[in-house]
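Worksheet for the structure shown next.
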Amino acid sequence: MDAAAAKLIGAGLATIALAGVGVGIGNIFGSFVSGALRNPEAAPRVFGNVLLGFALTEAVALFALVIAFMILFVF
Amino acid sequence: MHSPMEQFEIKRLLDFRIGSFDASYTNSALWMTIAVILATFVFVIGMRQKALVPGRLQGVAELGYEFIAGMVRDNVGNAGKQYFPFILTLFVFILFCNVLGLVPYSFTPTSHIIVTFAMALVVFLGVTAIGFIKHGVHFVSFFVPKGVPFVLLLLLVPIEIISYFVRPFSLSIRLFANMLAGHTMLKVFGGFVVMLGIWAGWAPLAFIIAFTGLELLIAFLQAYVFAILTCLYLNDAIHMSH
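As you go down the protein sequences, you meet chains A and B in turn.
FYI, in numbering that gives the first Met the number 0 the residues of the first sequence are 0 to 74.
FYI, in numbering that gives the first Met the number 0 the residues of the second sequence are 0 to 241.
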């Protein structure tokens, strides 16, 4: 296979990580909403943790982006 | 059309070399200087009046101070008090770099991995040194989880060691990749506006406006995450939670 074509396929494969991140972010906010509906008074207190979890999960997607960029531009 | 990566190009503004070492004043250094000057301005000018009922600028300064003070208190406890100035400085510097990067035609120093990696490495080395100073050689037992059978330890200790040494990388890549991805995305959609022209260009333009709001949130959130993870690492080193 051509090296350039393999690079493009590799960068595309690196985005599979987004599947897991989608599940993760959905899980975070889904759990937050269901928890907030059960106990609305506690909701504002955990929202900081929700944002922290969101940022940490989102970072995983960006690690995949970095890998895709590395495959495309570094090698 | 320009490439969306062009905004991250480092340009020399003042050429300055010591031997073969390139110490030029770049646009990255310029925006870091602006961030430091603005942060100093907010804190020094804001707190000059020392009013009991704070004005606007003093309110901002006190809000930032209280926010980080509360974070250090909650996550590290009283032992973290002496490291509070460092964490506040780190947070404010990253916050100003991130937010100033959203100004059109500006430059985001935190979108370069070497900048964030230098900060993360200082945090990592400092925290490790604090651990060894506080606990001596006993700090090595941080890598050995308690109450685990010996056979599992063979597996868990290498994992603990790897996850410890990966910290500076994950800390720096998180901040850098967030900034890189956000700014690239804004520029890519900016390209769509130009390509679609006056009839359909407003759709990506509306997206850009909404996304800039999200970017503002992320600029703050990443500074917060960097500071809170520094607190958590510090807490690990001081209290050796496991």
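Built from N, CA and C at the ideal position, the CB exists for glycine as well.
Because the structure is a prediction, the values reported are computed rather than measured.
At least 9 Å separates the CB of S105 of chain B from every CB of chain A.
Taking 9 Å as the threshold, the shortest C-beta distance from A13 of chain A to chain B does not fall below it. Counting only runs of 4+ residues, the alpha helix (DSSP H) found wholly inside the segment 140-219 of chain B occupies 149-164, 166-199, in chain order.
For L61 of chain A, the C-beta contacts it makes with chain B under 9 Å involve I172, R173, F175, A176, N177, L179, A180, in order along the chain.
Sequence-distant partners of F219 of chain B (beyond 5 residues in either direction) whose C-beta falls short of 8 Å from its own C-beta, in its chain, are L94, N97, V98.
Within 10 angstroms of the beta-carbon of T229 of chain B lie 16 or more other beta-carbons, which makes it buried.
Annotation: the continuous beta strand (DSSP E) that includes L13 of chain B extends over 11-13. For L56 of chain B, there are no C-beta contacts with chain A under 9 Å, since the nearest C-beta of that chain is about 25 Å from it. As DSSP reads the structure, R16 of chain B sits in a beta bridge with B:D21. By the CB criterion at 9 Å, G23 of chain A and T56 of chain A fall inside the cutoff. V224 of chain B belongs to the set of residues whose beta carbon lies under 9 Å from a beta carbon in chain A. Taking all protein chains shown into account, T14 of chain A has fewer than 16 neighbouring C-beta atoms within 10 Å of its C-beta and is therefore exposed. Segment contact: the segment 106-125 of chain B against the segment 43-50 of chain B, fewer than three CB-CB distances shorter than 8 Å; contact not assigned. Just measuring C-alpha positions, the residue of B:L89, B:A176, B:S27 sitting nearest F68 of chain A is B:A176.
Among the residues facing chain A, Q221 of chain B is included, as its CB has a counterpart in that chain under 9 Å away. Pairing P53 of chain B with E65 of chain B, the inter-Cα distance amounts to about 13 Å. Short of 7 Å from the beta carbon of L204 of chain B, and not among the five residues preceding or following it, lie these beta carbons of its own chain, in chain order: V192. Here A60 of chain A is buried: its Cβ has 16 or more other Cβ atoms, across all protein chains shown, within 10 Å. Around I227 of chain B, the beta-carbon contacts reaching into chain A at under 8 Å are L51. For V91 of chain B, same chain residues with a beta-carbon under 7 Å away, outside a window of 5 residues either side, are A38, G63 in chain order. The straight-line gap separating the alpha-carbon atoms of T88 of chain B and N26 of chain B is approximately 22 Å. Cβ-Cβ distances below 8 Å link Y163 of chain B to F141, F142 in the same chain, with the five nearest sequence neighbours on each side left out; the list follows chain order. A distance below 7 Å between beta-carbons, with the five flanking residues on each side excluded, links F15 of chain B to the following residues of its chain, in chain order: A22, S23, Y24. Below the 7 Å Cβ cutoff, chain B contributes no neighbours of V45 of chain A, its closest Cβ being approximately 13 Å away. The beta-carbon distance between A63 of chain A and L17 of chain A, rounded to whole angstroms, is 7 Å. This is short enough to meet the 8 Å contact definition.
Cβ-Cβ distances below 7 Å link E61 of chain B to P53 in the same chain, with the five nearest sequence neighbours on each side left out; the list follows chain order.
Its Cα nearest to that of F7 of chain B, the residue B:W30 stands out among B:N74, B:W30, B:S19. Contact between L170 of chain B and A119 of chain B is confirmed by a C-beta separation of about 4 Å, below the 8 Å threshold. Straight-line measurement puts the Cα of F168 of chain B at about 11 Å from the Cα of I161 of chain B. Note on geometry: alpha-carbon atoms of L12 of chain A and A5 of chain A lie some 10 Å from one another.
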